[in-house]
Amino acid sequence: MAVCFVWQTAMVILFGAFVRYNKEVDAHWPETKIHENITSDIENDFYFRYPSFQDVHVMIFVGFGFLMTFMKRYSFGAVGFNFLIAAFGIQWALLMQGWFHHIDSTDGMIKIGVENLINADFCVASCLIAFGAVLGKVSPVQLMVMTLFEVTLFAVEEYIILNLIHANDAGGSMVIHAFGAYFGLAVSWVLYRPNLKESSQLNGSVYHSDVFAMIGTLFLWMFWPSFNSAICKHGDGQHRAAINTYLSLAATVLTTFAISSLFQKHGKLDMVHIQNSTLAGGVAVGTAAEFMLMPYGSLIVGFFCGLISTLGYIYLTPFMERKLKIQDTCGIHNLHGMPGVIGGIVGAISAAGATESVYGQQGLINTFVFKDDFKHRTPAVQGGYQAAAMCIAVSFGIGGGILVGLILRMPLWGDPTDDNCFDDEVYWEVPEEEDSADPVLQYNNHTVVNKHAEV
Amino acid sequence: MAVCFVWQTAMVILFGAFVRYNKEVDAHWPETKIHENITSDIENDFYFRYPSFQDVHVMIFVGFGFLMTFMKRYSFGAVGFNFLIAAFGIQWALLMQGWFHHIDSTDGMIKIGVENLINADFCVASCLIAFGAVLGKVSPVQLMVMTLFEVTLFAVEEYIILNLIHANDAGGSMVIHAFGAYFGLAVSWVLYRPNLKESSQLNGSVYHSDVFAMIGTLFLWMFWPSFNSAICKHGDGQHRAAINTYLSLAATVLTTFAISSLFQKHGKLDMVHIQNSTLAGGVAVGTAAEFMLMPYGSLIVGFFCGLISTLGYIYLTPFMERKLKIQDTCGIHNLHGMPGVIGGIVGAISAAGATESVYGQQGLINTFVFKDDFKHRTPAVQGGYQAAAMCIAVSFGIGGGILVGLILRMPLWGDPTDDNCFDDEVYWEVPEEEDSADPVLQYNNHTVVNKHAEV
Amino acid sequence: MAVCFVWQTAMVILFGAFVRYNKEVDAHWPETKIHENITSDIENDFYFRYPSFQDVHVMIFVGFGFLMTFMKRYSFGAVGFNFLIAAFGIQWALLMQGWFHHIDSTDGMIKIGVENLINADFCVASCLIAFGAVLGKVSPVQLMVMTLFEVTLFAVEEYIILNLIHANDAGGSMVIHAFGAYFGLAVSWVLYRPNLKESSQLNGSVYHSDVFAMIGTLFLWMFWPSFNSAICKHGDGQHRAAINTYLSLAATVLTTFAISSLFQKHGKLDMVHIQNSTLAGGVAVGTAAEFMLMPYGSLIVGFFCGLISTLGYIYLTPFMERKLKIQDTCGIHNLHGMPGVIGGIVGAISAAGATESVYGQQGLINTFVFKDDFKHRTPAVQGGYQAAAMCIAVSFGIGGGILVGLILRMPLWGDPTDDNCFDDEVYWEVPEEEDSADPVLQYNNHTVVNKHAEV
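Given below as structure tokens:
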């Protein structure tokens, strides 16, 4: 893990060379206020964005981290490596996104504020999605390398979609979710382990690890309205994004429960579906969150996503593993891949169908930012660009994933053997409990040790 | 669970027919701003309410959900069904509360914004309270039916208390807690299972399930100030409600610890009390949260609630089960029932005692909304109405609960047998761990399977 | 625990005699608005401070509480006693800090508002830090007594540092962390138990208790930017504090992972480091959070703290236990002690080096509050006072800790025997699981019971 040390040193140097505070963060703010005729400190973007930022921050570290703790002996790795790559990713994302979006032309410096922190968290979300596909099958060094490349690609893709194509993607259905998911699936496809199924008996949950995972699920679910609204336009846009997401997620929960029990043997509910598919509505409403989707529109999106995502877990994931040689540990294709694509399509359709009667003249301009270079764009054309954006996100994901997968296949990174997959023992000091007062657990541990000795 | 599917479809249709965005959410907001002379986006209610909303949202899904995970083998059901009925309840509540409170007379539509989301979460809180009484003894379909009726009744009761009687109930001691608790207790009374005690050995905790429950407790405790202040008047009212709740809860913790150790055999603390009674102060200060209760007044309320609630767990709950045939799984009578009633009484007394010297002339009018139809009401009269409101809440709870309990007794809903109570195995795919690397757990599972076979 | 009862009664009386609402909380707010020419309710400090307050509140109760649940059989004590002493401490802190800082000279009353709640939470943080040193080795009554004295000392120390010396300490590196840590270590030194190591086999973790502890770690880590910015000046100061903390913490994570794996036998990661050292950067950036530390400066601080803190766990903690007779259960010296001192030094240096070109003329005055009595102070002089403040904090900690330690050694407080340390059985009704359906756990329990019988 010396790589952490080296990279953190690099971060210090790069931040020293390139990153400064923006005008709302800098101590010259009193002068800025006078200069820009700002009357109150409340107009500092901090007060508009910070509560949403904190919700997003919880999603990244507790949400994603705990969602992946479901495995019986990979909880340390799930929450720990999630922590590591997110902490690295946000720094690298501040730089990469800064170079593409926030260069101050007067001094060539990246100027950061609270909105940059949100965007960095967003970027890292796509890395954590990809992490879900390879969970338990790669080394921490591989994860660091993957994150390095994925953040870089993300910044390029985001620049193309948001700036060049001028597509809308408030909650990142395309930019974050579709991209991250197909990236992760491509990596997992390249790193296919044909003998994994037979050798590993650890790819499953125990009772309490499933409860831990619900912590992740619920914090993701609750704060998703903040995620989708965090960088929306102030006022009605932010308000609308939160409400659309809230409604879509509520609908998803019901269809997930319905499908989970109806399509299972014995008619019992499956925790995997409840932990994951209930979130699909939040993904799918992301692109269009800021649009006039209407409350029932949001419910419809959530309705179908719960349905498709749960069916994906039941039928598609086993099919992908068997036939397509894609091993998707957390089922990110069902939670982020398909819902992300649906989100892109919903965005394209609802943009194309936007009218002045629904949005108001100024509302239409504000929502789609038909200003400056884009002031002559019509909703129909915007719809086309939205669709194009979705294709770009998926292409970048698949292409980038294959490339990075090939890099990760080099025998340099200390990846675990098939037998060591999904096992914290390889990278963590797991409590041995040999001196425990508890003879049963002690016995248990001896057995595990013996098993390892046999291998 | 096909019922989820059907009801979600109904929700889509009803939202399509009746629900639209309010003016702060609609894309016509730029026109609204000009029309209503609003100068800044910060005046959009989103920025006043959203952080509180998110805190309340956490209480509903993580707070209530995890509080009920304390049982050794019903954690999936606790957190999962909590999730299901809350997600359904908020949609139905948006409709029901909308019809009573937020119809736009110009077009007959329900207009929703962030305040409606908070109110929907509040309504669902009363359902989750009732869930606590029947936890582990009903099927998910029964819970859905119970929620459907309870939300409906809640909307009626709330309309009577807040609009017709014009009582104050910022934190819902009466409207939410007393109503929800007596509703749940009445349902549980109708569904009494005489042989439950003997048959079930699962009605208890294990070490780690008690720790999980503390997650619920703490998120409820910490965010209760947000709950009680979420829909208060802006400015001093909201500020005061938060501080009163903070103080009351702090006092409750100390008396709960004191009583728990003093009245137990061995002088040891009981996790059940710490998990539940520490919250009673938040319930009891709800109605009067916005009033000039004064800091010491809040402490006094919290002081007595910790005391009464803990004693309730020690003496009253066993008595109710033995003599009154009310099986109250989570002890909601101690956490929500009695404290809710106390809250109503505190509210009535402090309203009746309100004076212009304490509140200021304008402050008195603002706090009690002595405006329009109610502009001639005096504090003393208000106190009377507050007391009446409390009686209505309890009556609605008991009456509605008996009615709904009778509906739930119909042999339609797949309720579990006495032997299957408090057991996730009935409704969930519980991890079997047969292919586990862990022989002890495997052994354990075999035994469980055998036990079931014998039954 | 009758002490809880008595003290809570005292709190009621003292609050009745001394504590009132401040003008932003009082119902006379409408008059205040007119009088002070405040145009909007949004200017009520509630809307500036409350979201940060709630984040801090989560850190105190969930963050600290769960961070300490790592031990296999002391999770109830960790989260429960944390709850108890925090709930008591905030009340006592409101009084003590009120007497020193918030007396209204017109009527001699303490006037409280949301900022006081934040400060009370801050004060309690120092008590919970000290709790970490003695975790598992003291009785709840001892903890209550310790908290009573520590809060009192804290208020004095805080008054000297912030008001008399006029040092800056936004995030409390000195006032909270260094003071709390050295206080706790001094108490632990006085209460040294020479035979603890041999007798206790419970001072360690199990798999799931380590995952519980990560809940605490992550909520502390995520909300630390709110902690350090919660009482900063509005606008740029608050904004800057949040960003500096965010960056510092991110850097700490990487160096912690690096050192943890590089300096361990087998090259494996140690959960203790990940749970604790990753937070050191938040501590160390506290004093200077509001300064123009620059993004790279924050990274550098975080970089070194991750390094020093992790090395502390590996080398210093065992040394302190063996040679200095200081038993530091949670390693607070590595998480709060050293990083707190570093934070003080960073603050002194960056204050001394502050220039008008970096801060702007008004910015310099605002940031260091060079106003009124202190309007002629220069940055260089301020640097000297910052250094003095750090020495005062450490001295108060050590001196106070020794004093309070001596009080706690009196044979009055029912402290546990060496054999009972780190064991919830002494103070809690731990679920016995004798009637469990699970023969393995049952067997396990019998054994534990036997072991106890032998003792």
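Here the protein sequences line up with chains G, B and U, keeping their order.
Quick note, the first sequence lines up with residues 1 to 455 if you use UniProt numbering.
Quick note, the second sequence lines up with residues 1 to 455 if you use UniProt numbering.
Quick note, the third sequence lines up with residues 1 to 455 if you use UniProt numbering.
Beta carbons are placed, not taken as given, at the ideal position from N, Cα and C, and that holds for glycine.
Remember, it's a predicted structure, so these values are computed and weren't measured experimentally.
What is the DSSP secondary structure of residue i, counted as helix, strand or coil?
i	result
Phe18(B)	helix
Lys375(B)	coil
Trp428(G)	strand
Ser261(B)	helix
Met222(U)	helix
Lys111(G)	strand
Ser200(B)	coil
Asp415(G)	coil
Asp104(G)	strand
Ser188(B)	helix
Ala2(U)	helix
Note down, in chain order, every chain B residue with its Cβ under 8 Å from the Cβ of residue i.
i	result
Cys4(U)	Leu254, Thr255, Phe257 and Ala258
Asn37(U)	Within 8 Å Cβ-Cβ: nothing; Asn37(U) doesn't reach chain B, min ~15 Å.
Ser309(G)	Within 8 Å Cβ-Cβ: nothing; Ser309(G) doesn't reach chain B, min ~14 Å.
Glu429(U)	Gln264, His266, Lys268, Leu269, Asp270 and Met271
Could you tell me which chain U residues have their CB closer than 8 Å to the CB of residue i, listed as they occur along the chain?
i	result
Thr69(G)	Val211
Trp7(G)	Leu254
residue 474(G)	Given a span of 1 to 455 for chain G in the structure shown, any question on residue 474(G) remains unanswerable.
Gln362(B)	Pro30 and Glu31
When you compare only the Cα positions, how much space is there between residue i and residue j?
i	j	result
Val25(B)	Tyr246(G)	13 Å
Thr217(B)	Ala250(B)	13 Å
Gly400(U)	Gln91(U)	21 Å
Met1(U)	Tyr359(U)	53 Å
Ile345(U)	Lys325(U)	27 Å
Arg49(U)	Ile231(U)	8 Å
Cys4(G)	Leu262(U)	11 Å
Val394(B)	Gly405(B)	16 Å
Thr152(U)	Met59(U)	22 Å
Lys23(G)	Trp29(G)	6 Å
Gly286(U)	Gln97(U)	20 Å
Return the Cβ separation of residue i and residue j in integer angstroms, given the expectation that the two are a contact with Cβ distance under 8 Å.
i	j	result
Ile336(U)	Ile42(U)	Here residue 336(U) turns out to be His, not Ile, going by the sequence shown. Not confirmed; about 36 Å, so no contact.
Leu254(U)	Trp221(G)	So it is not a contact: roughly 30 Å between Cβ atoms.
Gly331(U)	Gly302(U)	That pair is no contact at about 18 Å.
Gly113(U)	Tyr74(U)	Contact doesn't hold; Cβ gap of about 37 Å is too wide.
Gly171(G)	Asn228(G)	3 Å
Phe223(U)	Gly343(U)	Contact doesn't hold; Cβ gap of about 18 Å is too wide.
Thr317(G)	Val134(G)	So it is not a contact: roughly 15 Å between Cβ atoms.
Determine the chain G residues that contact residue i at a beta-carbon separation under 8 Å, and present them in chain order.
i	result
Asp55(U)	Gln54
Any beta carbon of chain A sitting closer than 7 Å to that of residue i?
i	result
Tyr359(U)	Here the protein chains are G, B and U, and chain A is not one of them.
How would you list, in chain order, the residues of chain B whose beta-carbon sits under 7 Å from the beta-carbon of residue i?
i	result
Asp41(U)	His234 and Gly235
Asp26(U)	Asp236
Phe303(G)	Gln8 and Val12
At 7 Å on the CB atoms, spell out the chain G contacts of residue i, in chain order.
i	result
Met1(B)	Phe257, Ala258, Ser261 and Leu262
Give the residues of chain B in contact with residue i, contact being defined as C-beta atoms less than 9 Å apart.
i	result
Tyr313(U)	Near Tyr313(U) there are no residues of chain B at all, since even the closest Cβ is about 24 Å away, more than 9 Å.
Phe48(G)	Asp41, Ile42 and Tyr47
Gln91(U)	Leu247, Ala250, Ala251, Leu254 and Leu299
Along chain G, which residues have their Cβ under 9 Å away from the Cβ of residue i?
i	result
His208(B)	His208 and Val211
Measuring only from the beta carbon, is residue i closer than 6 Å to any heavy atom that is part of the ligand PLP?
i	result
Leu316(U)	The ligand PLP is absent from the structure shown, which contains no ligand whatsoever.
So within the stretch 264–349 of chain U, which uninterrupted alpha helix (DSSP H) runs reach at least 4 residues, ignoring any that extend past its ends?
Listed in chain order, the complete alpha helix (DSSP H) runs (minimum 4 residues) inside the stretch 264–349 of chain U are 271–276, 280–284, 295–311 and 317–323.
Output the residue ranges of the beta strand (DSSP E) runs that lie fully inside the stretch 33–77 of chain U and measure 3 residues or longer, sorted by chain position.
Those beta strand (DSSP E) runs which fall completely within the stretch 33–77 of chain U and span 3+ residues do not exist here.
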